[in-house]
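With the sequence shown counted from 1, adding 370 to any position gets you the working numbering. Note that beta-carbon positions come from the ideal geometry of N, C-alpha and C, so glycine has one too. I have placed the structure first, in the form of structure tokens, so that the comments after it can refer back to it.
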Amino acid sequence: MGNFKEKVIYQLYPKSFKDSDGNGMGDIKGIIEKLPYLEKLGIEMIWMNPVFKSPQKDNGYDVTDYYAIDPLFGTMEDIDALIAKAKEHGIELMFDMVFNHTSITHEWFQKALSGDKKYEDYYILREPKEDGSLPTNWQSKFVGDAWAPFGDTGKYYLCLYDKTQADLNWRNPEVREELYKVVNFWLEKGIAGFRFDVLNVIGKEEVLVDSEGGNEKSLYTDTPIVHEWVKEMNIESFGKHENIVTVGEMSSTTVENGVLYSDPARNELSMIFSFHHLKVDYVDGEKWSNAPFDFLELKSLLDEWQAGMSDGNGWNALFWNNHDQPRANSRFGDTENYPYETATMLAQTMHLLRGTPYIYQGEEIGMTNPDYEDIHEYADIESHNAYKALRLKDQTHEEAMAIIRQKSRDNGRSPMQWDSSEHAGFTTGTPWLNVADNYKTVNVAKEIADGKIFPYYQKLIQLRKEIPLISDGSYKGILLDDKEVYAYVREKDGQRLLVLNHFYGTDYTLTLPEEYVDEAAEVVIGNYETARLEKEMTLRPYETVAFLLK
Numbered sequence: 371m372g373n374f375k376e377k378v379i380y381q382l383y384p385k386s387f388k389d390s391d392g393n394g395m396g397d398i399k400g401i402i403e404k405l406p407y408l409e410k411l412g413i414e415m416i417w418m419n420p421v422f423k424s425p426q427k428d429n430g431y432d433v434t435d436y437y438a439i440d441p442l443f444g445t446m447e448d449i450d451a452l453i454a455k456a457k458e459h460g461i462e463l464m465f466d467m468v469f470n471h472t473s474i475t476h477e478w479f480q481k482a483l484s485g486d487k488k489y490e491d492y493y494i495l496r497e498p499k500e501d502g503s504l505p506t507n508w509q510s511k512f513v514g515d516a517w518a519p520f521g522d523t524g525k526y527y528l529c530l531y532d533k534t535q536a537d538l539n540w541r542n543p544e545v546r547e548e549l550y551k552v553v554n555f556w557l558e559k560g561i562a563g564f565r566f567d568v569l570n571v572i573g574k575e576e577v578l579v580d581s582e583g584g585n586e587k588s589l590y591t592d593t594p595i596v597h598e599w600v601k602e603m604n605i606e607s608f609g610k611h612e613n614i615v616t617v618g619e620m621s622s623t624t625v626e627n628g629v630l631y632s633d634p635a636r637n638e639l640s641m642i643f644s645f646h647h648l649k650v651d652y653v654d655g656e657k658w659s660n661a662p663f664d665f666l667e668l669k670s671l672l673d674e675w676q677a678g679m680s681d682g683n684g685w686n687a688l689f690w691n692n693h694d695q696p697r698a699n700s701r702f703g704d705t706e707n708y709p710y711e712t713a714t715m716l717a718q719t720m721h722l723l724r725g726t727p728y729i730y731q732g733e734e735i736g737m738t739n740p741d742y743e744d745i746h747e748y749a750d751i752e753s754h755n756a757y758k759a760l761r762l763k764d765q766t767h768e769e770a771m772a773i774i775r776q777k778s779r780d781n782g783r784s785p786m787q788w789d790s791s792e793h794a795g796f797t798t799g800t801p802w803l804n805v806a807d808n809y810k811t812v813n814v815a816k817e818i819a820d821g822k823i824f825p826y827y828q829k830l831i832q833l834r835k836e837i838p839l840i841s842d843g844s845y846k847g848i849l850l851d852d853k854e855v856y857a858y859v860r861e862k863d864g865q866r867l868l869v870l871n872h873f874y875g876t877d878y879t880l881t882l883p884e885e886y887v888d889e890a891a892e893v894v895i896g897n898y899e900t901a902r903l904e905k906e907m908t909l910r911p912y913e914t915v916a917f918l919l920k
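Now the structure itself:
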């Protein structure tokens with residue numbers, strides 16, 4: 371399964387990372403250009419969002435050809451060069467595999483549309499109900515119905531995401547064989563890791579039924595057959611190779627299933643992404659809403675997944691940010707008054723937990739939400755659909771935009787801020803998304819010259835290699851009822867690490883349990899210059915500190 375416990379993985383969004391040719395779009399040559407920067411940070415693997423040929427209706431998650439590089443990003447020769455150059459810098463590549471669906475421009479779908487029965491069975495096609503209504507009442511995750519007309523056949527195809535993304539029929543063994551061939555092709559190319567997009571929704575039943583009373587996700591999420599197919603994929607592809615790192619994106623999954631997917635004894639995946647902790651600012655479960663985050667729920671969820679995965683020998687992918695999420699520092703902290711403290715507290719909270727940390731491009735320099743003013747500044751199809759839906763619910767333009775600014779996926783997709791030149795050094799052309807207004811003060815050049823966030827990330831990455839209990843120790847949450855601090859203890863071979871993370875912007879005093887009060891405790895890392903372990907401790911705004919107990 372690969373030596374993933376000591377790794378720190380860096381996610382970059384190719385569209386937004388670096389443009390090498392002035393076309394306003396990030397590309398593979400731009401990634402090659404910035405490999406020395408990533409080596410300096412200390413990461414060992416890059417997860418790239420999809421670079422396959424695509425109409426880009428959903429930013430590459432609508433694949434036209436799994437074997438071709440989209441001209442937006444470059445050529446196959448560019449990918450070969452990136453793989454080789456990255457290895458020279460001690461960095462491997464993780465590819466993003468979109469196997470739940472393809473673009474409707476994919477050759478398979480086009481052959482199905484032309485009446486080829488073989489390829490019709492590559493997708494999930496259904497007749498309308500007797501009353502002429504859609505095959506089921508399922509809703510798209512991008513707003514609207516989850517079905518679209520299949521040409522002029524009278525049938526419908528399932529599209530859990532965008533209408534241009536048709537769900538594949540994994541029950542067809544020929545489909546699975548084709549997808550495993552894709553993985554093997556890229557393994558031969560030298561790709562050393564795979565992130566599988568929305569993997570736990572591939573297991574639709576043969577007979578699809580209407581949802582009732584909020585049970586819709588359970589009808590297609592984490593069905594038992596998914597585990598069989600993931601094991602099969604392991605056997606037929608990446609499991610034949612040593613040290614391949616795999617991670618599954620698991621929407622709405624459970625701890626129980628998380629263990630099943632990632633327990634090494636089961637030969638499925640190295641680790642999983644779960645997202646429950648990033649829904650603590652949803653009102654009644656609704657993403658497109660505005661509310662302060664619920665700290666106690668956040669802490670409870672982090673603790674539940676840490677303890678549960680540890681008890682079951684599962685493994686977590688640790689993250690705050692990715693291409694589908696708003697910036698965590700804008701969401702859970704105070705980037706105006708405490709930008710350094712917020713960024714480092716969130717980083718330390720996650721990096722010292724049990725699991726493999728992921729850094730999303732820009733978090734290591736404190737990038738924030740771009741706070742676009744106009745809906746037309748957003749490219750994300752989900753955001754535009756949500757805006758329309760909010761307006762139909764009688765939200766004013768200002769009210770709808772306030773929610774979009776908080777929750778849009780484009781918050782994490784604005785161009786990487788390299789320096790204080792025009793467009794933050796991302797491009798000499800017109801960027802596909804506007805750069806955040808704060809790029810002159812928040813950028814790589816400034817951070818490397820005299821910043822404090824980038825060096826903090828470097829130290830967290832180095833500590834994972836130096837202190838075994840960080841990469842492979844047990845986890846225990848403490849003070850779980852505390853209203854402002856998330857505290858936990860990591861332990862291995864009799865050595866203990868106490869980690870205290872304060873999530874608010876005022877001084878706060880807490881009382882530690884006696885068993886963790888150690889006058890000889892050593893500060894391993896903290897974001898304030900002075901810190902001392904005492905029974906009655908006053909933590910400063912967004913303070914984080916880790917003590918090695920003697």
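Below 8 Å on the Cβ atoms is my guess for residue i versus residue j; work out the distance and round it to an integer in Å.
| i | j | result |
| --- | --- | --- |
| G799 | D389 | 7 Å |
| Y493 | L463 | Actually they are not in contact, since the Cβ atoms of Y493 and L463 sit about 30 Å apart, beyond 8 Å. |
| F917 | A891 | 4 Å |
| V869 | L722 | 5 Å |
| L803 | W658 | So it is not a contact: roughly 20 Å between Cβ atoms. |
| N691 | G782 | 6 Å |
| H471 | L405 | The Cβ separation is near 32 Å, so there is no contact. |
| G847 | Y858 | 5 Å |
Would the beta-carbon of residue i fall within 8 Å of that of residue j?
| i | j | result |
| --- | --- | --- |
| I474 | T534 | yes |
| K810 | S790 | yes |
| Y856 | G703 | no |
| V615 | F422 | no |
| E575 | T593 | yes |
| T714 | T705 | no |
| V513 | A770 | no |
| E414 | I461 | yes |
| D567 | M467 | yes |
| I729 | Q480 | no |
| I735 | E817 | yes |
| Y827 | A717 | yes |
| H646 | R779 | no |
| Y347 | W540 | No answer is possible for residue 347: it lies beyond the span of the chain, which begins at 371 and ends at 920. |
| W417 | I453 | no |
| L483 | G521 | yes |
| G430 | P420 | yes |
With respect to the alpha helix (DSSP H) encompassing residue i, which residues constitute its N-terminal and C-terminal limits?
| i | result |
| --- | --- |
| D651 | Here D651 belongs to no alpha helix (DSSP H), and DSSP marks it neither H nor E. |
| S844 | Counting along the chain, S844 falls outside any alpha helix (DSSP H), though it belongs to the beta strand (DSSP E) covering S844 to I848. |
| G628 | V625 to S632 |
Taking residue i as the reference, which of the options has the closest Cα?
| i | options | result |
| --- | --- | --- |
| A687 | K649, D780, N699 and T726 | T726 |
| K399 | D450, G412, D435 and Q381 | D450 |
| D651 | W658, E547 and F663 | F663 |
| R775 | T908, I745, L405 and K835 | I745 |
| N739 | P696, E586, R860 and S632 | P696 |
| L880 | K853, L867 and R860 | K853 |
| A749 | W788, A772 and P801 | P801 |
| K822 | L867, A794 and E733 | E733 |
| Y631 | D654, N604 and N613 | N604 |
| N627 | V653, L569 and E667 | L569 |
| L668 | R910, A698 and L589 | A698 |
Please tell me whether residue i has its Cβ less than 8 Å away from any Cβ of chain D.
| i | result |
| --- | --- |
| A806 | No chain D is part of this structure, which consists of one protein chain only. |
For a test of the three-state rule: what should DSSP assign to residue i, helix, strand or coil?
| i | result |
| --- | --- |
| M371 | In this predicted model, M371 has a pLDDT of only 40, less than 50, meaning its place in the structure is not dependable enough to derive any value. |
| H872 | strand |
| V893 | strand |
| S473 | strand |
| G609 | helix |
| T434 | coil |
| P911 | coil |
| Q381 | strand |
| G618 | strand |
| P921 | Here the chain comprises residues numbered 371 to 920, so residue 921 is not present and cannot be evaluated. |
| P505 | coil |
| A901 | coil |
| M679 | helix |
| W788 | coil |
Terminal residues of the continuous beta strand (DSSP E) containing residue i?
| i | result |
| --- | --- |
| L589 | Segment: none, L589 is in no beta strand (DSSP E) and carries neither H nor E. |
| I729 | T726 to Y730 |
| L880 | Y878 to T881 |
| Y526 | Y526 to L528 |
Compute every distance between the C-beta of residue i and the non-hydrogen atoms of the ligand NAD, then say whether any falls below 7 Å.
| i | result |
| --- | --- |
| K481 | The ligand NAD is absent from the structure shown, which contains no ligands of any kind. |
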